[in-house]
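Below: one structure, written as structure tokens.
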Amino acid sequence: GTSTPPLFSRDSKYMIHAQGSTASVYSSDSITRLITLEGHSDMITDLCWDPEASECVVTSSLDGLIWQKQGI
Numbered sequence: 297g298t299s300t301p302p303l304f305s306r307d308s309k310y311m312i313h314a315q316g317s318t319a320s321v322y323s324s325d326s327i328t329r330l331i332t333l334e335g336h337s338d339m340i341t342d343l344c345w346d347p348e349a350s351e352c353v354v355t356s357s358l359d360g361l362i363w364q365k366q367g368i
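Per my numbering, the sequence shown starts with residue 297, numbered consecutively.
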């Protein structure tokens with residue numbers, strides 16, 4: 297599947313990467329996967345961190361949905 301380039305949170309504490317319809321959030325310090333985000337039924341096309349809250353990420357997909365996850 298298609299993947300997105302890694303995207304770091306504004307404070308560089310977290311990194312998110314999408315592969316197909318799933319996104320994974322990692323700790324930047326230890327490169328440990330913290331959470332896997334599932335829910336899209338088609339390829340994720342974009343990722344965005346909230347500039348004010350490093351524990352809030354938004355994903356968009358070809359399925360036409362936008363998901364927001366708070367509290368990583």
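Don't be surprised by glycine CBs; every beta carbon is placed ideally from N, CA and C. Keep in mind it's a predicted model, so treat the numbers as computed, not measured.
| Query | Result |
| --- | --- |
| Do Ala314 and Thr328 have their C-beta atoms within less than 8 Å of each other? | no |
| Which residue comes first and which comes last in the beta strand (DSSP E) that contains Leu333? | Arg329 to Leu333 |
| Roughly how many whole angstroms lie between the Cα atoms of Leu358 and Met339? | 6 Å |
| Considering just the uninterrupted stretch of the beta strand (DSSP E) at Ser356, what are its terminal residues? | Cys352 to Ser357 |
| State the DSSP-derived secondary structure class of Leu361, mapped to helix, strand or coil. | coil |
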